[in-house]
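Step one of this worksheet: look at the structure below.
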Amino acid sequence: MIDEETARDQVVSTADRLFYAHGVQAVGMDAVRTEAGVSLKRIYALFPSKDDLVLAVLRHRAEQWDTGVARALAAARTPRDRMLAVFDFLAEWFRQDDFRGCAFINFFGELAGGSSRVAEAVREQKTSFQRHVADLVREAGGPGYLAPQLALLAEGAQTTAAITGDPATAAHARAAAETLIGAACPAT
(Lines of atoms letter the chains of each structure in order from A and count residues from 1; the text may use other names and numbers.)
(Lines give C-alpha, C1' and ligand atoms only; values in the text may rest on other atoms or scores of the structure.)
Protein backbone atom coordinates (compact mmCIF):
# COMPACT_ATOMS: atom_id res chain seq x y z
CA MET A 1 0.00 0.00 0.00
CA ILE A 2 1.37 3.42 -0.91
CA ASP A 3 1.78 6.08 1.74
CA GLU A 4 -0.63 8.99 2.07
CA GLU A 5 1.64 11.60 0.46
CA THR A 6 2.36 9.41 -2.56
CA ALA A 7 -1.33 8.57 -2.97
CA ARG A 8 -2.24 12.25 -2.70
CA ASP A 9 0.38 13.22 -5.30
CA GLN A 10 -0.79 10.46 -7.67
CA VAL A 11 -4.41 11.52 -7.37
CA VAL A 12 -3.65 15.23 -7.83
CA SER A 13 -1.35 14.72 -10.82
CA THR A 14 -3.83 12.32 -12.44
CA ALA A 15 -6.79 14.63 -11.82
CA ASP A 16 -4.76 17.56 -13.10
CA ARG A 17 -3.98 15.79 -16.36
CA LEU A 18 -7.54 14.52 -16.85
CA PHE A 19 -9.34 17.73 -15.81
CA TYR A 20 -7.03 19.86 -17.93
CA ALA A 21 -7.44 17.65 -20.99
CA HIS A 22 -11.17 16.95 -20.78
CA GLY A 23 -12.73 19.41 -18.32
CA VAL A 24 -13.64 18.87 -14.69
CA GLN A 25 -17.28 17.99 -15.23
CA ALA A 26 -16.49 15.48 -17.97
CA VAL A 27 -14.18 13.49 -15.69
CA GLY A 28 -15.75 11.37 -12.98
CA MET A 29 -14.04 10.25 -9.82
CA ASP A 30 -14.08 6.68 -11.19
CA ALA A 31 -11.84 7.79 -14.05
CA VAL A 32 -9.46 9.46 -11.57
CA ARG A 33 -9.46 6.26 -9.50
CA THR A 34 -8.70 4.06 -12.49
CA GLU A 35 -5.92 6.27 -13.86
CA ALA A 36 -4.33 6.99 -10.46
CA GLY A 37 -4.52 3.40 -9.23
CA VAL A 38 -5.92 4.59 -5.90
CA SER A 39 -9.18 3.26 -4.51
CA LEU A 40 -12.22 5.50 -4.48
CA LYS A 41 -12.46 5.08 -0.71
CA ARG A 42 -8.90 6.34 -0.32
CA ILE A 43 -9.48 9.23 -2.73
CA TYR A 44 -12.49 10.37 -0.72
CA ALA A 45 -10.48 10.02 2.50
CA LEU A 46 -7.89 12.37 0.99
CA PHE A 47 -10.40 14.65 -0.78
CA PRO A 48 -13.88 14.56 0.79
CA SER A 49 -15.45 16.15 -2.31
CA LYS A 50 -14.62 16.71 -5.96
CA ASP A 51 -14.31 20.43 -5.14
CA ASP A 52 -11.56 19.57 -2.64
CA LEU A 53 -9.73 17.69 -5.40
CA VAL A 54 -10.20 20.57 -7.84
CA LEU A 55 -8.76 22.97 -5.25
CA ALA A 56 -5.75 20.68 -4.77
CA VAL A 57 -5.25 20.62 -8.55
CA LEU A 58 -5.39 24.44 -8.64
CA ARG A 59 -2.78 24.64 -5.85
CA HIS A 60 -0.63 22.25 -7.89
CA ARG A 61 -1.09 24.43 -10.98
CA ALA A 62 -0.19 27.57 -9.01
CA GLU A 63 3.07 25.90 -7.92
CA GLN A 64 3.84 24.96 -11.54
CA TRP A 65 3.10 28.52 -12.70
CA ASP A 66 5.24 30.09 -9.96
CA THR A 67 8.13 27.71 -10.70
CA GLY A 68 7.97 28.39 -14.45
CA VAL A 69 7.85 32.16 -14.02
CA ALA A 70 10.68 32.04 -11.45
CA ARG A 71 12.81 30.05 -13.90
CA ALA A 72 12.18 32.64 -16.63
CA LEU A 73 12.98 35.48 -14.22
CA ALA A 74 16.24 33.80 -13.22
CA ALA A 75 17.38 33.96 -16.85
CA ALA A 76 16.59 37.68 -17.13
CA ARG A 77 19.53 40.07 -16.89
CA THR A 78 17.96 43.52 -16.62
CA PRO A 79 14.85 44.99 -14.96
CA ARG A 80 13.32 45.36 -18.44
CA ASP A 81 14.05 41.70 -19.21
CA ARG A 82 12.46 40.72 -15.88
CA MET A 83 9.23 42.48 -16.88
CA LEU A 84 9.29 40.56 -20.17
CA ALA A 85 10.26 37.20 -18.63
CA VAL A 86 6.67 36.08 -18.13
CA PHE A 87 6.16 36.26 -21.90
CA ASP A 88 9.25 34.09 -22.38
CA PHE A 89 7.69 31.57 -20.00
CA LEU A 90 4.43 31.74 -21.97
CA ALA A 91 6.30 31.12 -25.25
CA GLU A 92 7.77 27.92 -23.83
CA TRP A 93 4.46 26.78 -22.33
CA PHE A 94 2.40 27.47 -25.47
CA ARG A 95 4.64 25.10 -27.45
CA GLN A 96 3.91 22.13 -25.18
CA ASP A 97 1.84 19.40 -26.84
CA ASP A 98 -0.71 19.33 -24.02
CA PHE A 99 -1.25 23.11 -23.84
CA ARG A 100 -4.97 23.85 -23.46
CA GLY A 101 -4.88 27.35 -22.02
CA CYS A 102 -4.87 28.51 -18.45
CA ALA A 103 -6.35 25.89 -16.11
CA PHE A 104 -7.50 28.69 -13.80
CA ILE A 105 -9.45 30.38 -16.57
CA ASN A 106 -10.77 27.04 -17.82
CA PHE A 107 -11.90 25.88 -14.38
CA PHE A 108 -13.39 29.28 -13.59
CA GLY A 109 -15.45 29.20 -16.78
CA GLU A 110 -16.60 25.68 -16.09
CA LEU A 111 -17.20 25.75 -12.33
CA ALA A 112 -17.25 29.24 -10.83
CA GLY A 113 -21.01 29.58 -11.06
CA GLY A 114 -21.44 26.51 -8.88
CA SER A 115 -18.42 26.69 -6.62
CA SER A 116 -17.50 29.80 -4.70
CA ARG A 117 -14.40 27.99 -3.41
CA VAL A 118 -13.10 27.43 -6.94
CA ALA A 119 -13.94 31.01 -7.92
CA GLU A 120 -12.04 32.31 -4.89
CA ALA A 121 -9.00 30.11 -5.60
CA VAL A 122 -8.87 31.38 -9.17
CA ARG A 123 -9.21 35.00 -8.04
CA GLU A 124 -6.39 34.48 -5.53
CA GLN A 125 -4.05 33.15 -8.21
CA LYS A 126 -4.87 35.95 -10.63
CA THR A 127 -4.43 38.58 -7.89
CA SER A 128 -1.12 37.01 -6.89
CA PHE A 129 0.09 37.18 -10.50
CA GLN A 130 -0.98 40.83 -10.78
CA ARG A 131 0.91 41.66 -7.57
CA HIS A 132 3.97 39.85 -8.91
CA VAL A 133 3.90 41.86 -12.14
CA ALA A 134 3.41 45.07 -10.12
CA ASP A 135 6.52 44.18 -8.09
CA LEU A 136 8.53 43.68 -11.30
CA VAL A 137 7.35 47.03 -12.67
CA ARG A 138 8.15 48.75 -9.37
CA GLU A 139 11.64 47.16 -9.28
CA ALA A 140 12.24 48.52 -12.78
CA GLY A 141 11.10 52.00 -11.74
CA GLY A 142 8.05 51.85 -13.99
CA PRO A 143 4.75 53.62 -13.40
CA GLY A 144 1.98 51.77 -11.56
CA TYR A 145 -0.38 51.82 -14.54
CA LEU A 146 2.01 49.58 -16.51
CA ALA A 147 1.54 46.51 -14.30
CA PRO A 148 -2.14 45.85 -15.04
CA GLN A 149 -1.47 46.40 -18.74
CA LEU A 150 1.28 43.77 -18.76
CA ALA A 151 -0.83 41.35 -16.70
CA LEU A 152 -3.74 41.76 -19.13
CA LEU A 153 -1.45 41.03 -22.06
CA ALA A 154 -0.26 37.83 -20.41
CA GLU A 155 -3.80 36.73 -19.54
CA GLY A 156 -5.11 37.54 -23.00
CA ALA A 157 -2.22 35.70 -24.61
CA GLN A 158 -3.09 32.54 -22.69
CA THR A 159 -6.70 32.63 -23.80
CA THR A 160 -5.89 33.53 -27.40
CA ALA A 161 -3.22 30.83 -27.71
CA ALA A 162 -5.62 28.23 -26.31
CA ILE A 163 -8.37 29.17 -28.76
CA THR A 164 -6.21 29.60 -31.86
CA GLY A 165 -3.63 26.94 -31.10
CA ASP A 166 -0.96 29.42 -32.20
CA PRO A 167 2.12 29.49 -29.95
CA ALA A 168 3.29 32.67 -31.74
CA THR A 169 0.71 34.49 -29.62
CA ALA A 170 3.35 34.73 -26.87
CA ALA A 171 5.73 36.54 -29.23
CA HIS A 172 2.99 38.97 -30.26
CA ALA A 173 2.13 39.66 -26.62
CA ARG A 174 5.82 40.11 -25.80
CA ALA A 175 6.21 42.62 -28.65
CA ALA A 176 3.19 44.54 -27.36
CA ALA A 177 4.68 44.46 -23.85
CA GLU A 178 7.97 45.83 -25.19
CA THR A 179 6.06 48.70 -26.80
CA LEU A 180 4.22 49.48 -23.56
CA ILE A 181 7.42 49.28 -21.51
CA GLY A 182 9.25 51.48 -24.00
CA ALA A 183 6.53 54.12 -23.82
CA ALA A 184 6.19 53.99 -20.03
CA CYS A 185 9.86 53.52 -19.14
CA PRO A 186 11.99 55.01 -21.90
CA ALA A 187 15.12 54.86 -19.73
CA THR A 188 14.90 51.11 -19.00
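If you read the sequence shown in full-length UniProt numbering, its first letter stands for residue 1, the second for the next number, and so on. The C-beta atom is built at its ideal place from N, Cα and C for all residues, glycine as well.
Cβ neighbour criterion (16 or more within 10 Å) applied to residue i
i, result
"Ser-115", "buried"
"Asp-135", "exposed"
"Asp-98", "exposed"
"Arg-95", "exposed"
"Lys-41", "exposed"
"Arg-123", "exposed"
"Thr-169", "buried"
"Ile-43", "buried"
"Ala-121", "buried"
7 Å CB neighbourhood of residue i in its chain, flanking five on each side removed
i, result
"Val-57", "Val-12, Ala-15, Asp-16, Phe-19"
"Gly-68", "Phe-89, Trp-93"
"Ala-171", "Ala-91"
Nearest-angstrom Cα separation, counted from residue j out to residue i
i, j, result
"Met-29", "Ala-119", "21 Å"
"Pro-148", "Gln-130", "7 Å"
"Ala-91", "Asn-106", "19 Å"
"Gly-113", "Ser-39", "30 Å"
"Gly-23", "Leu-150", "28 Å"
"Glu-155", "Ala-161", "10 Å"
"Ala-187", "His-132", "22 Å"
"His-66", "Glu-110", "His is not the amino acid found at residue 66; the sequence shown has Asp there. The alpha-carbon atoms of Asp-66 and Glu-110 are separated by roughly 23 Å."
"Tyr-145", "Gln-125", "20 Å"
"residue 221", "Leu-46", "Since the first and last residues shown for the chain are 1 and 188, residue 221 lies out of range."
Residue j beta carbon less than 8 Å from that of residue i
i, j, result
"Gln-25", "Gly-101", "no"
"Gln-10", "Ala-36", "yes"
"Glu-139", "Pro-79", "yes"
"residue 197", "Val-86", "Shown here, the chain extends from 1 to 188; a query on residue 197 therefore has no answer."
"Arg-8", "Asp-51", "no"
"Ala-183", "Gly-142", "no"
Own chain residues within Cβ distance below 6 Å of residue i, not counting five before or after
i, result
"residue 191", "Only positions 1 to 188 of the chain appear in this structure, which leaves residue 191 out of reach."
"Ala-173", "Phe-87, Leu-153, Ala-157"
"Val-27", "Leu-18, Phe-19"
Chain C contact for residue i (CB, 8 Å cutoff)
i, result
"Ser-49", "Although the question refers to chain C, the structure presented lacks it and comprises just one protein chain."
Beta-carbon contacts of residue i that lie in its chain and below 8 Å, excluding the five residues immediately before and after
i, result
"Leu-84", "Ala-76, Arg-174, Ala-177, Glu-178, Ile-181"
"Ala-103", "Asp-16, Phe-19, Tyr-20, Val-57, Leu-58, Arg-61"
"Phe-108", "Val-118, Ala-119, Val-122"
"Arg-82", "Leu-73, Ala-76, Leu-136, Glu-139, Ala-140"
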